[in-house]
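This report refers to the structure that appears directly beneath it.
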Amino acid sequence: MISVVIPAYNERENVTPLYEKLVEVLKDIGREFEIIFVDDGSTDGTFEVLKNIAEKDRRVKVIKFRRNYGQTAAIYAGFDHAKGDVIVTMDADLQNDPEDIPKLLERIEEGYDIVSGWRKERKDPLLTRRVPSRIANWVISKVTGVKLHDYGCTLKAYRSSIAKRYRLYGDMHRFLPALAKRFGAKITEIPVRHHPRLHGRSKYGIDRTLRVILDIFLVKFLNEYITKPLYVFGGVGFIMFSLGFLIELYLTFIKIFRGEDIGGRPLLILGVLLILAGIQLISTGIIAELIVRTYYESRGEKPYIIEEKINVED
Ligand code: UDP
Ligand code: MG
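Every number in the numbering used here is 6 more than the matching position in the sequence shown, counting from 1.
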């Protein structure tokens, strides 16, 4: 079964044509399907339109948020409620084309866990959208090692076993493929169509750039150091502490053996600062270790994922 998850925030004019086109495409695939619309606190009557559609078609499911929680939360809710073994996500604004779905599914059949759409000919403004996005894609690819041209494209297909593992917070929907590296997912991308927005307004502007930069750090940390935070904090802390220690040792030497005054030297303060900051960071690292243990154990989760077992009894 295929589940299509669609976050929608004030997309009144778009959801009906999208639904109609989707059904056209999905029924030709010949598999059972469901369409899950997540109404992210729309105030323009999107929900009423969706409700109408769902009353006539049982394959359409609607989840209505109490308020606007953001696209990440909407996708997360969709993943949680999806029953299919493949989950396709797409925008509600008709910028993604349902006709690309069969191509995505083909690659999943080939064995990929995530197939990401690449809006090769993107129909969005150049300076405020395409240029920042290009830079972001390049940086995210470099930092996370998951090389994709277009992280921002919502049109993606996921094997459910991968999608259901996500715990999504903040604006993490932009990093889903990079986050899946942690699960050992096989990821690929294919070019998809993109259309200009005809109805409604884009929900994002240039202001998201700063958040994206901070999120890149977070993703890197989650991917590589989540099970060993002490190495990150402790590593930096240890270097700072050692430097501070050496500085103070040097000043002590000067004071005792040369009898020089050290009270007014900036170096003294630097050394003290380094020692204090170092101790702080090492302690933060230890606390982070404890938090990570609680995190895994409270969820009954292991820090590894097994792909297959042979002759192993559970
Ligand atoms: N969206 C949402 N909640 C939000 C913002 C956006 O569910 O808080 C949905 C929106 O309705 C659309 C998709 O996420 O279906 C992408 O949003 P948009 O088209 O505004 O982004 P853009 O294509 O301009 O990057
Ligand atoms: Mg859009």
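Think of the CB as a built atom: it goes at the ideal place given N, C-alpha and C, for glycine as much as any other residue.
DSSP beta-bridge partners of residue i
i, result
"residue 163", "94, 121"
"residue 304", "The partner list for residue 304 (beta bridge, DSSP) is empty, contrary to what the question assumes."
"residue 14", "45"
"residue 9", "40, 93"
"residue 68", "43"
Same chain only: Cβ atoms within 7 Å of residue i, ignoring 5 sequence neighbours per side
i, result
"residue 126", "197"
"residue 225", "150, 181, 184, 185"
For residue j and residue i, the rounded distance between their alpha carbons
i, j, result
"residue 400", "residue 278", "Residue coverage of the chain in this structure runs from 7 to 320, which leaves residue 400 outside it and unanswerable."
"residue 271", "residue 253", "11 Å"
"residue 54", "residue 84", "19 Å"
"residue 290", "residue 229", "19 Å"
"residue 16", "residue 50", "5 Å"
"residue 159", "residue 44", "18 Å"
"residue 231", "residue 129", "37 Å"
"residue 255", "residue 319", "59 Å"
"residue 14", "residue 295", "38 Å"
"residue 46", "residue 311", "32 Å"
"residue 222", "residue 262", "48 Å"
"residue 121", "residue 249", "47 Å"
"residue 20", "residue 298", "42 Å"
"residue 22", "residue 205", "12 Å"
"residue 86", "residue 284", "42 Å"
Beta-carbon proximity list for residue i, same chain, < 8 Å, skipping 5 on both sides
i, result
"residue 257", "268, 271, 273, 274, 277"
"residue 303", "none"
"residue 266", "260"
Cut-off 6 Å between Cβ atoms - residues of its own chain near residue i, not counting five sequence neighbours on either side
i, result
"residue 27", "104"
Neighbour-count burial assignment, residue i, 16 or more Cβ in a 10 Å radius
i, result
"residue 32", "buried"
"residue 40", "buried"
"residue 137", "exposed"
"residue 116", "exposed"
"residue 78", "buried"
"residue 141", "exposed"
"residue 179", "buried"
"residue 175", "exposed"
Query raised in the report: Taking only runs of the beta strand (DSSP E) that begin and end inside the region 167 to 211, which ones reach a length of at least 3 residues, in chain order?
Result: 193 to 198
Query raised in the report: Which runs of the alpha helix (DSSP H) fall wholly inside the region 200 to 267 and span at least 4 residues, in chain order?
Result: 214 to 230, 235 to 259
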